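S.K.:
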Amino acid sequence: MAVIGKIRQRSGLVIGVIFVSLLAFILTDAFSSNSSLFNRQENTVGKIGGTKIKFEDFDKKVNEVEENYRKQYGEVPNELQGMIRDQVWENFFKDLVLKKQYEKMGIKISPEELTWIEFKAPEPSQRMVSYFTNPQEGQIFEQFRNPMGQLDLSKALGHRQQLEEGSDEEKQWIEYIDNGIMEEIQNKKYFTYLRQVSHVTSLEAKEDFAATNTNVKAQIVKLDFFSISDSTIKVTDAELSEYLQKHPEDFKQEDSRKMEYVAFNIFPSKEDSASTLKWAVEKTEALKQTANDSIYIVNNGGMYDTTFKRRGAFNQEVEGPLFSAEKGTVVGPLYKDGAYKIYKVLDAKNDTILFYNAAQILIRPEGITKDDTINARKKAADVLAQIRGGKSFEDAVKEFSVDPGTNTKGGDLGWFEKKSPMLPKDLVDAVTRTRTGDYTIVATGQGVHLVKVTAEPSSRMVKVAEISRVIEPGKETLKSISNKATEFYGSASNEEQFNQLIEKMGMSKRIADQVGPNDQTFSGINDARRVVLWAFNDDRKVGDISEPMDVDGNTKIIIARVVGIREKGTAKVEDVREKLEEQVRKEKKAAQLRQKMQDALNGATSLDQVAQKLNTQVIDIPYQTFVSPNVLSIGMEPRLLGYLFGSEKNKITGPVKGQAGVYAFYITAKDEAKAPEKLDEVKLRMAQQATSGSEMRATEALRKLSDITDMRYKFY
Numbered sequence: 012m013a014v015i016g017k018i019r020q021r022s023g024l025v026i027g028v029i030f031v032s033l034l035a036f037i038l039t040d041a042f043s044s045n046s047s048l049f050n051r052q053e054n055t056v057g058k059i060g061g062t063k064i065k066f067e068d069f070d071k072k073v074n075e076v077e078e079n080y081r082k083q084y085g086e087v088p089n090e091l092q093g094m095i096r097d098q099v100w101e102n103f104f105k106d107l108v109l110k111k112q113y114e115k116m117g118i119k120i121s122p123e124e125l126t127w128i129e130f131k132a133p134e135p136s137q138r139m140v141s142y143f144t145n146p147q148e149g150q151i152f153e154q155f156r157n158p159m160g161q162l163d164l165s166k167a168l169g170h171r172q173q174l175e176e177g178s179d180e181e182k183q184w185i186e187y188i189d190n191g192i193m194e195e196i197q198n199k200k201y202f203t204y205l206r207q208v209s210h211v212t213s214l215e216a217k218e219d220f221a222a223t224n225t226n227v228k229a230q231i232v233k234l235d236f237f238s239i240s241d242s243t244i245k246v247t248d249a250e251l252s253e254y255l256q257k258h259p260e261d262f263k264q265e266d267s268r269k270m271e272y273v274a275f276n277i278f279p280s281k282e283d284s285a286s287t288l289k290w291a292v293e294k295t296e297a298l299k300q301t302a303n304d305s306i307y308i309v310n311n312g313g314m315y316d317t318t319f320k321r322r323g324a325f326n327q328e329v330e331g332p333l334f335s336a337e338k339g340t341v342v343g344p345l346y347k348d349g350a351y352k353i354y355k356v357l358d359a360k361n362d363t364i365l366f367y368n369a370a371q372i373l374i375r376p377e378g379i380t381k382d383d384t385i386n387a388r389k390k391a392a393d394v395l396a397q398i399r400g401g402k403s404f405e406d407a408v409k410e411f412s413v414d415p416g417t418n419t420k421g422g423d424l425g426w427f428e429k430k431s432p433m434l435p436k437d438l439v440d441a442v443t444r445t446r447t448g449d450y451t452i453v454a455t456g457q458g459v460h461l462v463k464v465t466a467e468p469s470s471r472m473v474k475v476a477e478i479s480r481v482i483e484p485g486k487e488t489l490k491s492i493s494n495k496a497t498e499f500y501g502s503a504s505n506e507e508q509f510n511q512l513i514e515k516m517g518m519s520k521r522i523a524d525q526v527g528p529n530d531q532t533f534s535g536i537n538d539a540r541r542v543v544l545w546a547f548n549d550d551r552k553v554g555d556i557s558e559p560m561d562v563d564g565n566t567k568i569i570i571a572r573v574v575g576i577r578e579k580g581t582a583k584v585e586d587v588r589e590k591l592e593e594q595v596r597k598e599k600k601a602a603q604l605r606q607k608m609q610d611a612l613n614g615a616t617s618l619d620q621v622a623q624k625l626n627t628q629v630i631d632i633p634y635q636t637f638v639s640p641n642v643l644s645i646g647m648e649p650r651l652l653g654y655l656f657g658s659e660k661n662k663i664t665g666p667v668k669g670q671a672g673v674y675a676f677y678i679t680a681k682d683e684a685k686a687p688e689k690l691d692e693v694k695l696r697m698a699q700q701a702t703s704g705s706e707m708r709a710t711e712a713l714r715k716l717s718d719i720t721d722m723r724y725k726f727y
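Quick note: the sequence shown uses our numbering, first residue 12, plus one each step.
1) Which of the three DSSP states, helix, strand or coil, is assigned to residue 360?
2) Let's see if you can read the secondary structure: which residues bound the beta strand (DSSP E) around residue 234?
3) Go ahead and pull the three-state DSSP assignment for residue 139.
4) Below 8 Å on the Cβ atoms is my contact criterion, and I expect residue 259 with residue 581 to pass it. Report the Cβ-Cβ distance as a whole number of Å.
5) Taking the straight line between their C-alpha atoms, what separation do you get for residue 716 and residue 620?
6) Where do the ends of the alpha helix (DSSP H) carrying residue 170 lie?
7) At the level of alpha carbons, what is the spacing between residue 380 and residue 414?
8) My understanding is that residue 174 touches residue 185, with C-beta atoms under 8 Å, so please give their C-beta distance in whole angstroms.
9) Look at the alpha carbon of residue 376 and the alpha carbon of residue 324, and state the distance between them as a whole number of angstroms.
10) Hey, quick one: how far does the alpha helix (DSSP H) through residue 188 stretch, first residue to last?
11) Please classify residue 648 as buried or exposed, where buried requires at least 16 neighbouring CB atoms within 10 angstroms.
12) In angstroms with no decimal places, state the Cα-to-Cα distance between residue 205 and residue 713.
13) Closer than 7 Å, CB to CB, is residue 173 near chain B or not?
14) Pairing CB atoms from the stretch 424-431 with CB atoms from the stretch 335-346, are three or more of them under 8 Å?
15) Please go through the same chain and pick out, in chain order, the residues whose beta-carbon is closer than 6 Å to the beta-carbon of residue 287, but skip the five residues on each side of it.
16) Please classify residue 333 as buried or exposed, where buried requires at least 16 neighbouring CB atoms within 10 angstroms.
17) Taking the CB atoms as reference points, tell me whether residue 591 and residue 187 lie closer together than 7 Å.
18) In angstroms with no decimal places, state the Cα-to-Cα distance between residue 456 and residue 638.
19) Between residue 462 and residue 448, how many whole angstroms is the CB-CB distance? I'm expecting something under 8 Å.
20) On the premise that residue 144 lies in contact with residue 107, defined as a C-beta separation below 8 Å, what is that separation, rounded to the nearest angstrom?
21) Could you name the residues that DSSP lists as bridge partners for residue 469?
22) In whole angstroms, what is the alpha-carbon distance linking residue 711 and residue 104?
23) If you run the structure through DSSP and keep just helix, strand and coil, what is residue 501?
24) Might you give, ordered along the chain, the residues of its own chain that have their beta carbon closer than 6 Å to the beta carbon of residue 384, omitting 5 neighbours on each side?
25) To the nearest angstrom, report how far apart residue 257 and residue 650 are at their CA atoms.
26) Is the beta carbon of residue 745 sitting closer than 7 Å to the one on residue 526?
27) Look up residue 161 in the DSSP assignment and say whether it is helix, strand or coil.
28) With distances taken between CB atoms, is the gap from residue 93 to residue 531 smaller than 7 Å?
29) Count the other CB atoms, across all protein chains shown, that sit within 10 Å of the CB of residue 232; report buried if there are 16 or more and exposed otherwise.
30) Could you say which of 685, 724, 702, 707 lies nearest to residue 223 if we only look at CA atoms?
31) Tell me, please, which residues DSSP counts as bridged to residue 106.
32) Give me the Cβ distance between residue 603 and residue 239, rounded to the nearest whole Å; I'm assuming they're in contact under 8 Å.
33) Which runs of the beta strand (DSSP E) at least 3 residues long sit entirely within the stretch 396-450? Give them in chain order.
34) Please report how far the alpha carbon of residue 541 lies from the alpha carbon of residue 181, in whole angstroms.
35) Whole beta strand (DSSP E) runs in the stretch 618-647 with 3 or more residues, listed along the chain?
36) Across which residues does DSSP place residue 483 in a beta bridge pair?
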């Protein structure tokens with residue numbers, strides 16, 4: 012439940028009054044001619060390819076996907092809900108755009124082909140495999156696994172046949188699977204066809220060969236834009252508007268918002284921590300006295316686990332006390348990860364399997380030869396001598412060990428059995444032969460290990476129950492934080508007051524820029540959908556200040572202020588003023604530098620003379636190819652690169668405006684490669700380059716041609 016909601020629940024009378032007033036307002040608004048409740052943009056969540064998508068149709072599909080998720084994995088986490096809506100939107104795009112492409116090309120899947128692909132193909136459909144995979148383990152469910160751990164298609168087919176005889180709901184589930192796999196097959200056929208129709212002509216291959224193998228040698232003189240200070244270039248609004256009108260394609264944008272906001276973090280207070288500790292102490296004493304462990308533990312929200320656990324099953328802090336305790340012993344309260352925990356040993360026994368405990372310093376040989384390993388052993392022996400001389404093992408780990416997995420834990424390897432698959436066999440064998448407290452040096456495929464046996468081998472097993480309570484903000488803490496947020500909101504009605512309150516309350520103003528209509532998060536704030544919906548309300552305008560809103564899993568209350576509204580299409584001057592100013596300044600600098608370069612070129616017979624006039628140096632380019640993205644010693648200058656390969660040699664050319672300055676150049680040599688008669692390898696390479704990423708490019712092209720309008724943000 013939201014934090015602010017918790018506070019409001021404390022005042023029943025006030026809620027009652029608000030409810031009656033709110034109900035009257037809603038009913039009045041609902042029957043008004045402009046009611047958004049009954050006239051919500053024609054109930055349309057968007058448009059794809061000229062087809063409007065109704066909210067009820069879209070929401071039905073969302074609910075279907077969520078229900079299918081629940082059937083397989085349980086309740087849908089909040090963080091997945093936005094992803095599900097994105098996937099449903101993508102499915103509408105496929106239905107309304109891609110499937111029409113499939114139909115135009117005659118791509119169809121017969122029932123026989125579908126059955127073969129699902130249950131008889133040498134390699135099963137990845138979609139089919141996913142339906143029988145446990146997402147928590149990333150493995151096929153055990154009942155559908157073959158001996159190799161892969162999907163057993165005969166078992167999957169048997170399961171399907173059972174479902175076909177089942178309820179309508181189970182039959183719908185089969186249809187859901189079939190449709191998904193059919194879509195996967197059609198998609199694969201469609202894009203395979205697009206890749207196969209890619210053709211490279213001989214002329215294209217010759218041009219590519221020339222571009223790849225022809226090179227020039229040149230001299231260049233450069234006048235940098237940064238040689239003119241920005242402060243000397245004045246830019247007017249009229250010039251910005253003119254530049255924007257001439258280059259509209261460079262300033263296309265999507266709908267977005269820019270906000271500034273303050274965040275009130277919801278942390279437990281010292282009093283909350285003390286209160287939780289008091290609760291834990293009381294429960295510890297009561298757990299010691301109770302005659303019925305199971306009822307008491309369950310009634311207090313604990314875990315009553317009836318299975319025996321071996322060494323290594325618990326956190327290091329509690330491992331020792333639990334395994335050294337007798338039956339009936341209560342351990343705790345212990346603080347861990349923001350919670351107080353209490354444990355009770357319900358039973359204990361010895362097993363036949365021994366577990367060992369050790370720590371290591373891993374030294375990696377400098378090479379792969381036998382001598383390298385010998386030298387690493389010598390280093391390990393030297394480190395051991397330092398430890399025997401008084402150096403702590405933990406300090407030696409920090410200084411010498413190269414194992415990132417154990418270095419932060421003092422080299423601790425934890426508890427492990429003799430047949431542990433997680434450690435090298437030679438290492439485990441060495442530990443089993445070494446007495447507790449002693450050291451040993453052993454070489455494995457990982458390197459040389461200096462090992463200390465840190466505890467006696469143990470076969471003990473314990474059955475443990477646990478009660479815990481997370482330290483959470485209490486009622487008074489929530490009230491205090493909510494009151495601060497409410498006070499801020501009530502006192503900030505404009506930009507000046509907003510900024511003054513931030514300074515007065517010692518808070519930090521944060522910026523969230525380029526926030527899109529379907530974003531779930533921004534600027535490191537998770538679960539911020541409510542704020543995004545507020546920012547994209549049809550009536551929202553620059554300067555609006557939000558009411559306090561819970562975000563980030565109710566760990567923060569934020570108050571946001573809209574400072575920018577960008578609409579889809581060509582940007583307005585104010586939306587991109589900084590970028591426009593940069594470009595206009597660059598144009599003005601280019602004009603000055605072009606004239607300066609032209610003055611230097613006039614009458615010059617060599618680049619050295621030009622450089623001398625400009626008080627700069629000639630840059631030698633010993634080797635330059637056309638396909639290289641950068642001009643040697645210059646950087647990325649595509650326009651200059653084009654001029655270099657399109658100009659005559661032994662002739663001064665310029666001025667040429669580039670991205671970083673203005674240039675003049677002189678080509679001293681041009682080695683033009685002659686294409687061979689057979690260009691099969693070139694054609695093959697070009698075809699592979701053309702098909703790489705073709706699926707993504709084709710899909711994006713279809714999106715641009717489909718006139719897509721996404722208004723989901725008005726509903727979710």
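By construction, the Cβ of each residue, glycine as well, lies at the ideal position given by its N, Cα and C atoms.
Note that this is a predicted model, so its numbers are computed, not measured.
M.R.: Once the coordinates are examined:
1) Strand, per DSSP.
2) Where residue 234 is concerned, the enclosing beta strand (DSSP E) starts and stops at 226-235.
3) Three-state DSSP puts residue 139 in a helix.
4) 5 Å between Cβ atoms; contact.
5) If I take the Cα positions, the gap works out to 54 Å.
6) Per DSSP, the unbroken alpha helix (DSSP H) holding residue 170 starts and ends at 164-175.
7) C-alpha separation (whole angstroms): 21 Å.
8) Confirmed, about 5 Å.
9) Residue 324 has its alpha-carbon roughly 33 Å from the corresponding atom of residue 376.
10) Here the alpha helix (DSSP H) through residue 188 covers 179-207.
11) Residue environment analysis places residue 648 among the buried positions, since at least 16 neighbouring C-beta atoms fall within 10 angstroms of its C-beta.
12) Here the alpha carbon of residue 205 sits roughly 13 Å from the alpha carbon of residue 713.
13) Of the protein chains in the structure, only one exists, and it is not chain B.
14) Because the criterion of three Cβ pairs below 8 Å is not met, the stretch 424-431 and the stretch 335-346 do not touch.
15) Excluding sequence neighbours, residue 287 sits near 351, 480, 482.
16) Residue burial is scored here from C-beta neighbours: residue 333 has at least 16 other C-beta atoms within 10 angstroms and is therefore classed as buried.
17) Result no, Cβ atoms of residue 591 and residue 187 do not sit closer than 7 Å.
18) In this model, residue 456 and residue 638 are separated by some 44 Å (Cα to Cα).
19) About 12 Å separates the beta carbons of residue 462 and residue 448, which is beyond the 8 Å limit, so they are not a contact pair.
20) Not a contact, Cβ separation roughly 30 Å.
21) Residue 469 pairs with 366.
22) Between the alpha carbons of residue 711 and residue 104 lies a gap of roughly 11 Å.
23) Helix, per DSSP.
24) By the criterion of a C-beta distance shorter than 6 Å, residue 384 is surrounded in its chain by 376, 454, once the five residues flanking it on both sides are discounted.
25) Straight-line Cα distance between these residues: approximately 19 Å.
26) Nothing about residue 745 can be reported from this structure: the residues present for the chain run from 12 to 727 only.
27) Residue 161 falls in the coil class under three-state DSSP.
28) In contact: residue 93 and residue 531 (Cβ atoms closer than 7 Å).
29) Burial call: buried.
30) Distances from the CA of residue 223 to each of 685, 724, 702, 707 were compared; the closest alpha carbon is that of 685.
31) Listed as beta-bridge partners of residue 106 by DSSP are no residues whatsoever.
32) Yes, they are in contact, since the Cβ atoms of residue 603 and residue 239 sit about 6 Å apart, within 8 Å.
33) Runs found: 423-428.
34) Straight-line Cα distance between these residues: approximately 36 Å.
35) Listed in chain order, they are 630-636.
36) DSSP lists no beta-bridge partner residue for residue 483.
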